[in-house]
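My numbering numbers the first residue of the sequence shown as 21 and each following residue consecutively. Idealized CB from N, CA, C, for every residue including glycine. Some notes on the structure that comes next.
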Amino acid sequence: LMHNKFCVKGDQVITGSHNPTLNNNQDHMILIRSSFVAKNYQREFDELWSGVYGRGQSVPYPRVNVGNIMIETYFCPEDDCEDRVVAVLRSANHSIDVMAFSFTSDPLGRILVAQHKRGRIVRSITDKTQLTQYSEDFALNRSGIPIKIYKSRYRNLLHHKVFIIDNRIVVAGSANPTYSGYHKNDENILIIHSPKIADQFTQEFERIWGES
Numbered sequence: 021l022m023h024n025k026f027c028v029k030g031d032q033v034i035t036g037s038h039n040p041t042l043n044n045n046q047d048h049m050i051l052i053r054s055s056f057v058a059k060n061y062q063r064e065f066d067e068l069w070s071g072v073y074g075r076g077q078s079v080p081y082p083r084v085n086v087g088n089i090m091i092e093t094y095f096c097p098e099d100d101c102e103d104r105v106v107a108v109l110r111s112a113n114h115s116i117d118v119m120a121f122s123f124t125s126d127p128l129g130r131i132l133v134a135q136h137k138r139g140r141i142v143r144s145i146t147d148k149t150q151l152t153q154y155s156e157d158f159a160l161n162r163s164g165i166p167i168k169i170y171k172s173r174y175r176n177l178l179h180h181k182v183f184i185i186d187n188r189i190v191v192a193g194s195a196n197p198t199y200s201g202y203h204k205n206d207e208n209i210l211i212i213h214s215p216k217i218a219d220q221f222t223q224e225f226e227r228i229w230g231e232s
């Protein structure tokens, strides 16, 4: 599945979890002005345009400083996205908040449980429509991790794919934390090292947590 949602114009990139639709889903959109990040996304677009799906070349500039913010860019499946997310979750010293439309990745579920047992504060929100027998939220809940199920009276979806680590790092992008998201689909993820941006995502998390 081509599951990317991004646009490149010159040295600007728009990416995130949002599809260009009118569904009013709970989503995020990120605008980045960086020639190097734009080159990463232009390379991915060119691969897809030429018919290369599933596994292209590795991202040319995986870590880019944009002002005083370090942004990591990865494309799935070629850049081992799941391993990248596991590593950043393992680095948490205080807290991990999760907003995920669909969450079925066993490796990520295991690291969240392990971090909870180490005393980290872990919370997770998932969409009601994706709460199936394969959802990691059941394992998280059994381990004592508080979870909430997003149920909208407006029939929209919790469509984020976000991890917030220690209120200073954000994992965002198009990839759901699932096997398909990381290993089968064409996707992109960002790992953004910025307390200021993390605070914006934390405000979104708290809003949805309060509504769920």
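- Threonine 124 has its alpha-carbon roughly 6 Å from the corresponding atom of tyrosine 154.
- If the five residues before and after isoleucine 169 are omitted, its C-beta is found closer than 7 Å to the C-beta atoms of Thr146, Lys148, Leu151 and Ser232, all from its own chain and listed in chain order.
- In the three-state reduction of the DSSP assignment, glutamine 150 falls in the helix class, which pools H, G and I.
- DSSP places leucine 178 in the strand class (E or B) of the three-state scheme.
- Straight through space, the alpha carbons of leucine 21 and histidine 38 are spaced by roughly 16 Å.
- Secondary structure note for tyrosine 94: its beta strand (DSSP E) is the uninterrupted segment 89-96.
- Cβ contact annotation for glycine 36 (same chain, cutoff 6 Å, sequence separation greater than five): His48, Met49 and Ile50, in chain order.
- Contact between the region 107-126 and the region 177-187 is established, with three or more Cβ pairs separated by less than 8 Å.
- Scanning Ser214, Asn45, Lys29 and Asn205 for the CA closest to the CA of alanine 120 turns up Asn45.
- Residue environment for proline 97: buried (at least 16 other C-beta atoms within 10 angstroms of its C-beta).
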